[in-house]
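Novice: Dumping the structure here so I can ask a few things about it.
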Amino acid sequence: MEGLLAVLDLTDTGARTNEDIFTGPSQWMPLGRVFGGQVLAQSLVAAMRTVPDERHVHSMHGYFLRPGDVKAPITFSVERIHDGRSFSTRRTQCYQGGVPILSMIASFQDADEGLEHHLEMPQDIPDPESLPTASDSLAHIDHSVARYWASERPFDMRHVPSPIYLKVNGEHTSRQAVWMKTFSPLPDDPDLHRAALAYASDYSIMEPIMRRHGVAWSSPGLKVASLDHAMWWHRFGRVDEWLLYVQDSPSAQGGRGLATGSIFSRDGVLLATVAQEGMLRVPIILE
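Numbering (UniProt numbering), first residue to last: 1 to 287.
See below:
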């Protein structure tokens, strides 16, 4: 949790051109590449620093351009594209070594009244307390990635029907759900919870594609990389309380797969919607 809070606490450099400049650290990751959810969340925090407090993010669209290096800090430049009567638009470019690793645009809105409805949460999902933890599945494996997933992530992740870390059990379906929350309470800052939700939204969103084809994370030769990420915040929710991330994949083709997700509060309120396309390459296509 200290690592999560540290990476989301960006430094304002004080430098100004036509953009606002911030810097931030990277969390250690076992394979040496920056976690995509981290840089998404940091880009969002940078943009949040440039809008009025009463305007909150409602949508974000980002493209992953290059892998980031966990050993190097990241620079965030925020362009104040537009400020209207109700909406503000910001573009954040993320740099390492002078080249961009992510480009993101986000929109912010004042609170407003309007029509209300939302998708219903599935009713056949077991409670998170009844499901195994990542540590239950991986603690016996002596590998840096297994150790990280088992005990070093800031989020508790519990899969329905089962995790696909080592193998895909049961039906090869394109649908799954994941209960998730931080292991420890977070401060009450609503924007911190929104940014942390963006962080967590990148953890498992590619898994419905893999599950559909019987591909586990441990499959030899597997290569997975996020290409782009879109997210819409509908309602506020705390990420230190259980959230249900319902995921599906409508299509996979050409070495790419598309996955979508709906994030619900435990009492069934739709908080956010996510879509991501990723590159997935396996030596042998499994069916």
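Each residue gets a CB set at the ideal place from its N, CA and C atoms; glycine is no exception. Treat the numbers as computed from the prediction; the structure is a model and nothing was measured.
#1: For Ser135 and Met29, I'd like the C-alpha separation in whole angstroms.
#2: Taking 8 angstroms as the limit between beta carbons, can you name the residues of its chain near Pro190, skipping five residues before and five after?
#3: Compare the Cα-Cα distances from Ala196 to each of Ser43, Arg33, Asp20 and report the closest residue.
#4: DSSP three-state call for Ile113: helix, strand or coil?
#5: What does DSSP give as the partner residue(s) for Ile81 in the beta ladder?
#6: Considering only DSSP beta bridges, list what Thr273 is partnered with.
#7: For Arg91, collect the residues of the same chain with a Cβ closer than 6 angstroms to its Cβ; drop the 5 residues on either side in sequence, then sort them by chain order.
#8: Using alpha carbons as the reference points, say which of Gln276, Asp9, Gly37 lies closest to Phe155.
#9: Can you tell me which of His193, Leu271, Leu166, Ala6 puts its alpha carbon nearest to the alpha carbon of Ile141?
#10: Helix, strand or coil: which one does DSSP assign to Met48?
#11: Does the distance from the CB of Arg238 to the CB of Gly255 come in under 8 angstroms?
#12: Could you compute how far the alpha carbon of Ser204 sits from the alpha carbon of Cys94?
#13: By how many angstroms is the C-alpha of His234 removed from the C-alpha of Ala111?
#14: Determine the burial state of Lys71: buried for a count of at least 16 other Cβ atoms within 10 Å of its Cβ, exposed for fewer.
#15: Starting from the Cα of Glu241, find the closest Cα among Ala139, Met180, Glu54 and give me that residue.
#16: Compare the Cα-Cα distances from Leu184 to each of Ala15, Val178, Arg153, Met210 and report the closest residue.
#17: Which of the three DSSP states is assigned to Gly254 in this structure?
#18: Following the continuous beta strand (DSSP E) through Met180, name the residue where it begins and the one where it ends.
#19: Going by beta-carbon coordinates alone, are Ser219 and Gly261 separated by less than 8 angstroms?
#20: Within the same chain, show all residues whose beta-carbon is closer than 6 angstroms to that of Ala275, passing over the 5 residues directly before and after it, in chain order.
#21: Pair every Cβ in the segment 14-33 with every Cβ in the segment 142-152, then say whether three or more of these pairs are closer than 8 angstroms.
#22: For Ala6, does the count of other Cβ atoms within 10 angstroms reach 16, so buried, or fall short, so exposed?
Specialist: Quick answer:
#1: The alpha-carbon atoms of Ser135 and Met29 are separated by roughly 17 angstroms.
#2: His56, Phe236
#3: For the residues Ser43, Arg33, Asp20, the minimum Cα distance to Ala196 belongs to Ser43.
#4: Residue identity differs from the one stated: residue 113 is Glu in this sequence, not Ile. Secondary structure of Glu113 (DSSP, three-state): coil.
#5: Bridge partners of Ile81: none, in fact.
#6: Trp232, Ser262
#7: Glu79, Ile81, Ile105
#8: Across the set Gln276, Asp9, Gly37, the C-alpha of Gly37 shows the shortest separation from the C-alpha of Phe155.
#9: Leu166
#10: Here Met48 sits in helix by DSSP.
#11: no
#12: Distance between the alpha carbons of Ser204 and Cys94 is about 23 angstroms.
#13: 11 angstroms
#14: It is exposed - the Cβ of Lys71 has fewer than 16 other Cβ atoms within 10 Å.
#15: Selected option, being the one with the closest Cα: Met180.
#16: Residue identity check: residue 184 is Ser in the sequence provided, not Leu. Ser184 has its Cα closest to that of Arg153, out of Ala15, Val178, Arg153, Met210.
#17: coil
#18: 175-182
#19: Not closer than 8 angstroms, so no.
#20: Ala230, Thr260
#21: yes
#22: It is exposed - the Cβ of Ala6 has fewer than 16 other Cβ atoms within 10 Å.
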